[in-house]
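Before any comments, here is the structure.
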Amino acid sequence: MAIDWFPLWLSLRVAALATILAVLIGLGFAYLLANFEFRGKEGLDAVLTLPLVLPPTVLGYYLLVLIGRDSVVGRAWEWVFGGPLVFTWKAAVLAALLHSAPLLIKYARAALESVDHSYERAARTLGAPEWRVFTAVTLPLVLRPILAATALAFARSLGDFGVTIMLAGNIPGRTQTVAVAIYDAVEAGNGDLARTLVIVISAVALAILWLANRLAPVSERSRAGSVL
Amino acid sequence: MIDVRIRQHFPARPDSAPFTLDMKFEAGGGVTVLFGPSGAGKTLTLDCIAGFVRPREGRIAIGETVLFDGATGVNLPARDRHCGYVFQNYALFPHRTLRENLDFAAERLPKLERYRRVSEMIERFRLGEIAGRRPHELSGGQKQRCSIARALLAAPRVLLLDEPARGLDQSLRADLYAVLRQVRAEFATPVLLVTHDLDECFELGDQMLVVHQGSVVQSGAPRQVLDQPASEDIARLLGRYNLLPVEIRALDPGRNTSTLRLGETDLHGPYFPGHFKGDRVILYVRPELLTARPRDGRLGANQCPATLERISERPESVRLDFAGGIGVVMPRLDFERYKSSNSKEWVVEFPGVLLRVL
């Protein structure tokens, strides 16, 4: 039988985009949390971690309220881009982002906080401005753990089901990701399709986890176990 | 000229007692050593000067440049202070080769000029053969030289060294001292060095500041400080004296003499201005200045009977510890002569004119 590979490509594309956004957002928040003291810091950390523990339906509900067609954000989006955000593949990116960004924030914060500050201090005494300290000293020192976290975030983005189906729906050829397609195939009694997609997505996830473990230093591996 | 006057209070925490840093000192050219026990606030002072820690009040200036002034709110960021800092762990960037580490310090120079300056520094500090290696492939001494070279490349106003000899063995220490003497001779940069090692003060220091519980308690040339500690606390910090409680029995300014009662013995010393007959004071005298021999016959002047408790062998000398807290360090050859006598009863002779009291 002919297998429709669209859900797999869509999932990879959505996961890639979500991961890129997650790295940018994650590094930003992690830098903030690791380097500055401010009121409500741990509260912010808790809110940012919440998506890791809340049921997907709860997250989906929140997001529907936040970006639905009647919400302020939803209307602004329609005004700027001329179409709704919900039930498009962009909403699937948002759903994936909700799971990958907290992961990255957690890892990147831990990595940034574990950097021996004497390196950064040394760079400052040598006259380097803050951006140069970050790009030339801090970032290279945390590159491996952050790449490992990025790989994990990508794997996590690939597998979202609950939030995606609430936010992006299940429109074959448009918003149907692998996880949703597998559910659909099982419901429809299409065992061959379900089996194939399950095997492919498992292999991809396994490969990414292997990569993440190769990237993370030994001490990071035990931490990876505790976050997941 | 470095002018430091800073105050900072650290309230008590579950894991530490309250601490007040109250440092006032001036340091000229050459090497100024901050000497004191760990926890005295030495490294904290360096961190305030470098701009890592903000004091609550005070002023830090190097020459005409004010780095920090609590009253006017001046507080230059570390990158604008131009303080070379050599960290205890050297803080060489682990992902960069030695040459790239040096390049980082000269980044703002034009490429050709940078290459010339870095190469010159590599030559000067004998780093040529290892310039392409990463820090983890270097020995402690090489890392140290690289760290000093990197700090100097940025043309700092002052070079700050935090316990540079910690963790180095004897021969590497000698190398380090040679490098720092080279720095003193070849660069005009004043050096502030933190240590708790008195030998290092003598090895390197033009001036030493004794730091105790957050404050400078005495300053001067190392020799001068060692000869005349200003208080019993400082004498204890220096850790190089016999500190013996005595009573002043007689004082004669005319003949410049005094009599001190130590246990059952009268010692004759010089006149001590500012003290009175009957004062109970602390006699301080370095163990190398005392002589000792097994007891035979009568006691002479300034000789005190003492019971030998412990013998510690050293490469060039022997230290004898007697009951009552008297320590004597004598040359090995002298000790050999008395070795055959197994007596515990000895005589310790005090050098009359060299006795000092606190």
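The listed protein sequences derive, respectively, from chains A and B. Position 125 of the first sequence, counted from 1, bears residue number 125 in my numbering, the numbering being contiguous throughout. Count along the second sequence starting at 1, add 228, and that's the number in my numbering. A virtual CB, placed ideally from N, CA and C, is assigned to each residue, including glycine.
What residues from the region 124-141 of chain A come within 9 Å of chain B, judged by C-beta to C-beta, listed N to C?
Residues of the region 124-141 of chain A with a Cβ closer than 9 Å to any Cβ of chain B, in chain order: R124, T125, L126, G127, A128, P129, E130, R132, V133, A136, V137, P140 and L141.
Quick one: residues in its chain with C-beta nearer than 8 Å to the C-beta of B:T325, no 5 flanking neighbours on either side, listed in chain order?
Counting from one through the second sequence, the residue named residue 325 of chain B turns up at place 97. Exclusion of the five residues before and after B:T325 leaves A359, G360, R361 and R362 as the residues of its chain whose Cβ lies within less than 8 Å of its Cβ.
I'd like the span of the beta strand (DSSP E) that includes B:H310, first residue to last.
Counting from one through the second sequence, the residue named residue 310 of chain B turns up at place 82. No beta strand (DSSP E) contains B:H310, which DSSP labels as neither H nor E.
Within 9 Å (strictly less), CB to CB, does B:Y343 reach chain A?
Taking the first residue of the second sequence as 1, we reach residue 343 of chain B at position 115. It does not: the Cβ of B:Y343 has no partner Cβ on chain A nearer than 9 Å.
Pair every Cβ in the region 109-120 of chain A with every Cβ in the region 23-38 of chain A, then say whether three or more of these pairs are closer than 8 Å.
Contact holds: three or more Cβ-Cβ distances are below 8 Å.
Are the region 185-201 of chain A and the region 135-154 of chain A in contact at 8 Å, needing three or more beta carbon pairs?
Counting Cβ pairs under 8 Å, fewer than three are found: no touch.
C-beta contact flag for A:A153 and A:T49 at 9 Å
Along the first sequence, read from residue 1 onward, the residue named residue 153 of chain A stands at position 153. Along the first sequence, read from residue 1 onward, the residue named residue 49 of chain A stands at position 49. The beta carbons of A:A153 and A:T49 sit no closer together than 9 Å.
For the region 96-124 of chain A, list every residue whose C-beta sits within 8 Å of some C-beta in chain B, in sequence order.
Per Cβ criterion, the list reads D116, S118, Y119, R121, A122, A123 and R124.
Under 8 Å, with one C-beta from each stretch per pair, do the region 71-80 of chain A and the region 171-182 of chain A reach the 3-pair mark?
They do not touch, by the three-pair rule.
Please classify B:A255: does DSSP put it in a helix, a strand, or coil?
Here the question's residue 255 of chain B lines up with position 27 in the second sequence. In this structure, B:A255 counts as strand in the three-state DSSP scheme.
Given 8 Å as the limit, tell me if A:H99 has its C-beta closer than that to any heavy atom belonging to the ligand GTP.
What this structure holds is no ligand at all, so the ligand GTP is not there to describe.
Ranges of the beta strand (DSSP E) found wholly within the region 348-433 of chain B, counting only runs of at least 3:
Taking 3 residues as the minimum length, the beta strand (DSSP E) runs contained wholly in the region 348-433 of chain B are 386-390 and 419-423, in order along the chain.
Alpha carbon to alpha carbon, how far is A:L98 from A:A207?
As a position in the first sequence, residue 98 of chain A is number 98, starting the count at 1. As a position in the first sequence, residue 207 of chain A is number 207, starting the count at 1. Cα to Cα, the separation comes out at about 23 Å.
Within the continuous beta strand (DSSP E) that includes B:Y512, where are the two ends?
Position 284 of the second sequence, counting from 1, holds the residue named residue 512 of chain B. R508 to V513 is the span of the beta strand (DSSP E), which, as asked, contains B:Y512.
Are the C-beta of B:P384 and some C-beta of chain A separated by less than 9 Å?
Position 156 of the second sequence, counting from 1, holds the residue named residue 384 of chain B. Judged by the 9 Å Cβ criterion, B:P384 is in contact with chain A.
So the candidates are A:T150, A:L215 and A:L52; which of them puts its Cα closest to the Cα of A:A16?
Position 16 of the first sequence, counting from 1, holds the residue named residue 16 of chain A. Looking at the Cα atoms, A:T150 is the closest of the given residues.
Would you call the CB atoms of A:N33 and A:I105 closer than 9 Å?
Position 33 of the first sequence, counted from the first residue, corresponds to residue 33 of chain A. Position 105 of the first sequence, counted from the first residue, corresponds to residue 105 of chain A. Per the sequence presented here, residue 33 of chain A reads as Leu, with Asn not at that position. Yes, the pair counts as a contact, with Cβ atoms nearer than the cut-off.
Quick check on B:A520: does DSSP put it in helix, strand or coil?
Here residue 520 of chain B is taken as the residue at index 292 of the second sequence, counted from 1. If DSSP states are grouped into helix, strand and coil, B:A520 belongs with the strands.
CB contact flag (B:V259, B:Q435, <9 Å):
In the second sequence, counting from the first residue as 1, residue 259 of chain B sits at position 31. In the second sequence, counting from the first residue as 1, residue 435 of chain B sits at position 207. Cβ distance < 9 Å, so B:V259 and B:Q435 count as in contact.
Where B:P436 sits in the DSSP three-state scheme:
Here residue 436 of chain B refers to the residue found at position 208 when the second sequence is read from its first residue. Checking the displayed sequence, the identity of residue 436 of chain B turns out to be Met instead of Pro. DSSP places B:M436 in strand when its eight states are reduced to three.
Should B:K572 go down as buried or exposed, given a rule of 16 or more other Cβ atoms within 10 Å for buried?
Indexing the second sequence from 1 puts residue 572 of chain B at position 344. Answer is exposed; the Cβ neighbour count stays below 16.
Compute the Euclidean distance between the alpha carbons of B:V406 and B:C374, then round it to the nearest angstrom.
Residue 406 of chain B sits at position 178 when you count from the first residue of the second sequence. Residue 374 of chain B sits at position 146 when you count from the first residue of the second sequence. At residue 406 of chain B the sequence reads Ala, which differs from the Val that was named. Roughly 14 Å between the two C-alpha positions.
Checking the sheet assignment: what are the DSSP bridge partners for B:V585?
Counting from one through the second sequence, the residue named residue 585 of chain B turns up at place 357. B:L511.
Kindly list, in the order they appear in chain A, the residues whose Cβ is closer than 7 Å to that of B:H237.
In the second sequence, counting from the first residue as 1, residue 237 of chain B sits at position 9. The premise fails here: B:H237 is roughly 19 Å from chain A at the closest Cβ pair, so nothing lies under 7 Å.
Collapsed DSSP secondary structure at A:A22 in the structure displayed
To locate residue 22 of chain A, count along the first sequence from 1; it is residue 22. Helix at A:A22.
Since A:T196 is in the alpha helix (DSSP H), which residue starts that stretch and which ends it?
Reading the first sequence from its first residue, position 196 is the one you call residue 196 of chain A. For A:T196, the enclosing alpha helix (DSSP H) covers residues G191 to L215.
Hey, could you find the ends of the beta strand (DSSP E) A:H117 is sitting in?
By one-based count along the first sequence, residue 117 of chain A stands at place 117. First-last for A:H117: H117 to T125, but that is the alpha helix (DSSP H), not the beta strand (DSSP E).
At the 9 Å Cβ level, is B:D308 part of the contact set with chain A, yes or no?
The residue you call residue 308 of chain B lines up with position 80 of the second sequence. Interface criterion met: the Cβ of B:D308 is under 9 Å from a Cβ in chain A.
Is any beta-carbon of chain B found at less than 9 Å from that of A:R214?
Start at 1 with the first residue of the first sequence, and residue 214 of chain A comes out as number 214. False, the Cβ-Cβ gap to chain B never drops below 9 Å.
Quick check on A:R221: does DSSP put it in helix, strand or coil?
Reading the first sequence from its first residue, position 221 is the one you call residue 221 of chain A. Note that A:R221 has pLDDT 44, beneath the 50 cutoff, so the model's placement of it is unreliable and no number is given.
Quick check: the region 265-274 of chain B against the region 285-305 of chain B, are there 3 or more CB pairs under 8 Å?
No, the region 265-274 of chain B is not in contact with the region 285-305 of chain B.
Alpha carbon to alpha carbon, what distance is there between A:L54 and A:A123?
Position 123 of the first sequence, counted from the first residue, corresponds to residue 123 of chain A. Position 54 of the first sequence, counted from the first residue, corresponds to residue 54 of chain A. Whole-angstrom Cα-Cα distance: 41 Å.
Starting from the beta carbon of B:C276, find every residue of chain A whose beta carbon is closer than 7 Å, and list them in chain order.
Locating residue 276 of chain B in the second sequence gives position 48, where the first residue counts as 1. Here the premise fails: no neighbours, minimum Cβ distance about 13 Å.
Taking the beta carbon of B:Y499 as the centre, do at least 16 other beta carbons fall within 10 Å, making it buried, or is it exposed?
Walking along the second sequence from the start, residue 499 of chain B turns up at place 271. By the neighbour-count rule (16 or more Cβ atoms within 10 Å), B:Y499 is not buried but exposed.
The beta strand (DSSP E) that contains A:N170, what's its start and end?
Here residue 170 of chain A refers to the residue found at position 170 of the first sequence. From DSSP, A:N170 is part of no beta strand (DSSP E); its letter is neither H nor E.
Between the CA atoms of B:G286 and B:F296 - distance to the nearest angstrom
Counting from 1 along the second sequence, the entry for residue 296 of chain B is found at position 68. Counting from 1 along the second sequence, the entry for residue 286 of chain B is found at position 58. Spanning the two alpha carbons is a distance of roughly 8 Å.
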